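Quick note on my numbering: the sequence shown kicks off at -6 and runs consecutively. Each residue gets a CB set at the ideal place from its N, CA and C atoms; glycine is no exception. Note that this is a predicted model, so its numbers are computed, not measured. Report on the following structure.
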Amino acid sequence: MVREPLSADQIERGRLLGSLLRSARGDRTMVDVARQAGISVETLRKIEGGRIPTPAFFTVAAVGTALDLSLDDLLRRVHEAVPRTAAAV
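Structure follows, in structure tokens:
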């Protein structure tokens, strides 16, 4: 199976998601959050750094739960942060 290249908008949304999660983590360590979410620290590091621009739904849900963030709140925040031209697509 060949994957289509990601668009610039998808990459930017991944960066925004990572930034929001990193900010929500606050003073908590990556180890603590990753352990609570049931993912590896490296996966969390890649998501927060925007190197996984389209993380799996259940991974985002698990990290959101570990950080007491709802998926609705994350979606709203990412949507608000995306420039108008990208949001219209």
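Counting C-beta pairs closer than 8 Å gives fewer than three between the stretch -5 to 4 and the stretch 17 to 35, which falls short of the contact rule. For residue 58, the enclosing alpha helix (DSSP H) stretches over residues 50 to 59.
Remark: three or more beta-carbon pairs, one from each stretch, lie closer than 8 Å, so the stretch 11 to 18 and the stretch 31 to 47 are flagged as touching.
For residue 40, the secondary structure class from DSSP, reduced to helix, strand or coil, is helix. Shown here, residue 4 sits in a helix according to DSSP, grouped into three states. With contacts defined by Cβ atoms closer than 8 Å, residue 9 and residue 56 do not form a contacting pair. If the five residues before and after residue 54 are omitted, its C-beta is found closer than 8 Å to the C-beta atoms of 64, all from its own chain and listed in chain order. A direct Cα-Cα distance of roughly 14 Å separates residue 47 from residue 67.
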